[in-house]
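Using numbering that gives the first Met the number 0, read the sequence shown as starting at 0 and increasing by one per residue.
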Amino acid sequence: MNDHFVDSLRDSFARGLPGLSAQLRMSPPSREILMQNPKHHHPPRKAAVLIALFESKNELHTLLITRNEYPGIHSGQIAFPGGKYEPADNSLIQTALRETHEEVGIAQEYIETIGCLTELYIPPSNFNVTPVVGVLRQLPNLLPDENEVSKINIISLKELFAPATRKLLQIDTPVGKMETPAYCPDGLIIWGATAMIISELQQLWLGFSEIL
């Protein structure tokens, strides 16, 4: 990970984010239904996730987790490491760093934070999620939290953003099975809020992908 890349990535954030329009490119139909018929009538809770970028074999990669199966809304889904804001956190960036350490074992000193993508509301769980982008100069040994994480998935951005990776699939959503946009790299199915976050990252990526 060279300094020129990191500086250019910071410049991309400074020029402005793609925003909601980029997120909506991968929005599931169930989201609109839930937004129009909200089940939650109290203020949303705050959360943050980390998009960790690192170089491997001369390509940029990121990592996502497959969550354990549990009796909950996001059971078994693929997501960026992260979780809810705690009162002891001094910022949502701190939330993302803390949760990443807890879930995959990457200590905060390995992560150089760059900026935050657009906050995204998740209707089923009533969370406002802030995606934090950070770079790793090197990837340390990963230690998945066996209570929360069934697998850590390492994915190249080249494969993740390839046109053939985007598909429309029949997916079980909180309002029933629906045709839903998804990213499908290496046999994975990434949909919902995580796909919407990736979509904004992909739009931002177009501005600096030629640097590596």
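Where is the CB? At the ideal position from N, CA and C, for every residue including glycine.
All values reported here derive from a predicted model rather than from experimental measurement.
Q) Where does Gly114 sit, in a helix, a strand or coil, going by DSSP? A) strand
Q. In three-state DSSP terms, what is Phe160?
A. DSSP, reduced to helix, strand and coil, places Phe160 outside both helices and strands of the structure shown, so it counts as coil.
**Q.** Paired residues, beta bridge with Ala95 - DSSP
**A.** Ala95 is not bridged to any residue.
Q: Pull up the distance between the alpha-carbon of Thr172 and that of Asn67, whole angstroms please.
A: 17 Å
Q.
So the candidates are Val132, Gly191 and Asn36; which of them puts its Cα closest to the Cα of Ser74?
A. Gly191
Q | Cut-off 7 Å between Cβ atoms - residues of its own chain near Ala21, not counting five sequence neighbours on either side | A | Ser198, Glu199 and Gln202
(Q) For Ile170 and Lys176, what's the separation of their Cα atoms in angstroms? (A) 5 Å
Q) Looking at the structure shown, is Ser198 part of a helix, part of a strand, or coil, going by DSSP? A) helix
**Q.** Beta-carbon contacts of Ile210 that lie in its chain and below 7 Å, excluding the five residues immediately before and after
**A.** Legend: pLDDT at Ile210 = 48, less than 50; position of this residue unreliable, value from coordinates given subsequently. Excluding sequence neighbours, Ile210 sits near His3, Phe4 and Ser7.
Q: Going by CA-CA distance only, name the one from Arg9, Trp204, Lys45 and Met25 that's closest to Ser124.
A: Lys45
Q: Compare the Cα-Cα distances from Leu159 to each of Glu58, Phe12, Lys83 and Thr129 and report the closest residue.
A: Glu58
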